[in-house]
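Student: In the order they appear, the protein sequences are chains A and B.
If you read the first sequence in this note's numbering, its first letter stands for residue 1, the second for the next number, and so on.
If you read the second sequence in this note's numbering, its first letter stands for residue 1001, the second for the next number, and so on.
Note that beta-carbon positions come from the ideal geometry of N, C-alpha and C, so glycine has one too.
There's a structure below that I have some questions on.
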Amino acid sequence: LAKTTQPISMDSYEGQEVNITCSHNNIATNDYITWYQQFPSQGPRFIIQGYKTKVTNEVASLFIPADRKSSTLSLPRVSLSDTAVYYCLVGDMGGSQGNLIFGKGTKLSVKP
Amino acid sequence: DTEVTQTPKHLVMGMTNKKSLKCEQHMGHRAMYWYKQKAKKPPELMFVYSYEKLSINESVPSRFSPECPNSSLLNLHLHALQPEDSALYLCASSQDYDEQYFGPGTRLTVT
């Protein structure tokens, strides 16, 4: 299983762009990178998933360099409601547990 | 309908009680999961069902017994729990082992 490492916490202000980086040095060829957001006492919510280069959806972008040993979740113009814990998961789609195992996550605090 | 529902929302039980947690999804997903989450910790995978068959058991104690009666339902039967089992129990589902949809969880307190 590819182990992930993220910063424990990050602070930001409303309106700023926030970039959260995840390291996964032993990522396997078939592994995808998935990010979840979790608010207190709620289930995690899927944000974005990617394999290489760049993926963008309506809430975030995911940047993955060519070596795929890290990835960066980018949240544009954060608001107070983006205060949450963000988890990076790495694994394949074939039933291994990699993308089912949550790391410690990054607690993002957005201030006014 | 992209919702995973869990009942009850809160549960308080004694160490000698038997109770069950229920989870339901109507998205046609083939995989369903149970996670346990302690305060300020990440979710911990407990069980995975694929096509109604148990495919992953993360060495969970036998006092937790999962059941998948059909493709839409997932139960977690609880018996003789310990106070340290108090946690938020999360259910999730997915079409493949990709994007998981999580329910709101059941907050369990064992007294």
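Could you check the C-alpha separation between P1061(B) and A1092(B) for me, to the nearest Å?
Tutor: The alpha-carbon atoms of P1061(B) and A1092(B) are separated by roughly 20 angstroms.
Student: Using 7 angstroms as the threshold, is the C-beta distance between P44(A) and F1102(B) below it?
Tutor: Contact flag set, yes.
Student: Taking only beta-carbon positions, decide if P44(A) is within less than 7 angstroms of chain B.
Tutor: Output row for P44(A): interface = yes.
Student: Which chain B residues sit within Cβ distance under 7 angstroms of L62(A)?
Tutor: Going along chain B, no residue has its Cβ under 7 angstroms from L62(A), so there is no contact; the nearest lies around 13 angstroms.
Student: Under the three-state reduction of DSSP, which class applies to L1081(B): helix, strand or coil?
Tutor: DSSP places L1081(B) in coil when its eight states are reduced to three.
Student: Just grab the DSSP bridge partners of H1010(B) for me.
Tutor: In DSSP, H1010(B) forms a bridge with R1107(B).
Student: Below 7 angstroms between beta carbons: does that hold for Y1117(B) and L1045(B)?
Tutor: The structure shown does not extend to residue 1117(B), since chain B is modelled only from 1001 through 1111, so no value can be given for it.
Student: Relative to the alpha-carbon of D67(A), which residue among I27(A), V59(A), C88(A) and D92(A) has its alpha-carbon at the smallest distance?
Tutor: The candidate whose alpha carbon is nearest that of D67(A) is I27(A).
Student: From the DSSP secondary-structure annotation, give me the bridge partner or partners of F1124(B).
Tutor: Given a span of 1001 to 1111 for chain B in the structure shown, any question on residue 1124(B) remains unanswerable.
Student: Tell me the residue span of the beta strand (DSSP E) that contains Q49(A).
Tutor: First-last of the beta strand (DSSP E) with Q49(A): R45 to G50.
Student: Need the endpoints of the beta strand (DSSP E) that V78(A) sits in, please.
Tutor: Premise fails: V78(A) is in no beta strand (DSSP E) and is neither H nor E.
Student: Keeping to the same chain, check which residues put their C-beta closer than 6 angstroms to that of K116(A); ignore five residues upstream and five downstream.
Tutor: Outside the shown range of chain A (1 to 112) lies residue 116(A), about which nothing can therefore be said.
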